[in-house]
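Engineer: Residue 383 is where the sequence shown ends in numbering that gives the first Met the number 0, and the numbering goes up by one at each step. Every residue, glycine too, gets a C-beta built ideally from N, C-alpha and C. Take a look at the following structure, please.
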Amino acid sequence: MLVSKKVQNLQPSGIRQFFDLVLGMKDVISLGVGEPDFTTPWPIREAGIYSLEEGFTSYTSNKGLYKLRLGISRYLKTRYDLEYSADEEILITVGVSEAFDLAMRAIINPGDKILIPCPSYVSYGPVTELAGGIPIYIDTKDDGFKLTPQGLEKSIDQKTKALILNYPNNPTGISYTKEELSALNKILLKHKILCISDEIYGDLTYDFEHTPFPTLPQAKENTLYLNGFSKTYAMTGWRVGFACGPKEIISAMTKIHQYTIMCVSITSQMAACEALHSGRSSVDQMKREYKRRREFVLEKLNALDLEYIKPNGAFYVFSLIKKTGLSGLDFAQRLLKEQKVAVVPGNAFGENFNDYVRISYASSFENLKEAFLRIEEFLRKGEE
Ligand SMILES: Cc1ncc(COP(=O)(O)O)c(C=O)c1O
């Protein structure tokens, strides 16, 4: 066998499997994507272009451009009164994806358990396994897709190393209030369990102020805060993210990063500096549009009598399609074949979510309108 047992045993991503079907089909409206439909705002693109014109084509420091780390440090201080040293507590990574992988490899000893509330982003489980950890999935379906203090407490044992929290959440859009987070924080502190907080959608929170986990009492030394530019600034293709945390963990992650990646592309880092400098008004504009689309999608789901729990952020709704009598996978496959609308089957986000589909509203208003006409037709035909 050429391939390791570990990798052989890894399941391919449910999203990828499904989207292999979408590829090659014409006129499909995709409500399946997990990335902004906006192009990166022009001043950010321009900064990337200028950096090339000016000859910035080299490696950067392993940790990332100092200017960018400083920009992130200042941004977090101004926005959330959160202090991270640009020298020792921030690492620039190839998206949150790399930051998460580094984190797992930096903290896990073989057999350590990592708690993952479900439904969850597709890579948490597999990346944990690749790093030698054991993912422990906590089903949040009966608690409105939120991890409860009781659910957390129950899942902890001697081998538990960390909790992965993601809010606003992919695929549900659910977020947590400060009070809810504080209750979870108390339990983590009590048991000395690290919180890895993936807040990549933090800036896309619509209903209340987003609370970064490390701003909670005594949480900073016990949290690895992950964020990036992909979603907030519509910069998925640039591949820039960052990790902030205790210097011991950041330095361990930097060690792996320097042997495997060396540094993020300088062009992308220069563009990210500009995003921090001038991107705010574009973010606000995109956020307003996502919110408008959210209202539209929820209205349509109400009219179609399809259940969901109101998302507070990101650009997803996780809808229960049980009443159609179809599984999420059948629903998604038939909707694609019969009406050319793509949504993601819920089981891509955990094995207990066969009755759900994830609908993304990172698609133009026109597309959303047309897609819901088609979904309506699909459901009407199903009832005939
Ligand atoms: C919750 C979550 N974390 C991380 C990522 C990866 O983002 P990045 O582009 O920063 O690697 C995604 C992308 O969809 C996501 O939804």
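1) For W41, count neighbouring Cβ atoms within 10 angstroms of its own Cβ and tell me buried if that reaches 16, exposed if not.
2) Roughly how far, in whole angstroms, is the beta-carbon of I374 from the beta-carbon of L334, given that I think they are within contact range, below 8 Å?
3) When you measure from the CB of T235 to every non-hydrogen atom of ligand 1, does any distance come out below 6 Å?
4) Using alpha carbons as the reference points, say which of K290, V2, N346 and V340 lies closest to L22.
5) Any chance the CB of N169 is under 6 Å from a heavy atom of ligand 1?
6) Can you tell me whether DSSP reads G312 as helix, strand or coil?
7) When the Cα atoms are used, what is the spatial distance from T323 to F352?
8) Whole angstroms are fine: how far does the CA of W237 sit from the CA of C262?
9) Under 6 Å: does the beta carbon of N351 sit that close to some heavy atom of ligand 1?
10) Opposite S363 in the DSSP bridges: which residues?
11) Pick out whichever of K4, T127, T171 and S119 has its Cα sitting closest to the Cα of D111.
12) Let me check one thing: in DSSP terms, what residues is D141 bridge-paired to?
13) Does ligand 1 have a heavy atom nearer than 6 Å to the CB of N61?
14) Pull the bridge partners of V121 from the DSSP assignment, please.
15) Please report the residue range of the beta strand (DSSP E) in which I260 lies.
16) Whole angstroms is fine: what's the gap from K321's alpha carbon to V356's?
17) What does the Cβ neighbour count give for V93, buried or exposed, with the cut at 16 atoms within 10 Å?
Structural biologist: According to the structure shown:
1) exposed
2) 7 Å
3) yes
4) V340
5) yes
6) strand
7) 15 Å
8) 13 Å
9) no
10) BP columns for S363 are empty, so no partner.
11) T127
12) The partner list for D141 (beta bridge, DSSP) is empty, contrary to what the question assumes.
13) no
14) Note: V121 sits in no beta bridge, so no partner.
15) Neither: I260 is in no beta strand (DSSP E) and is coded neither H nor E.
16) 10 Å
17) buried
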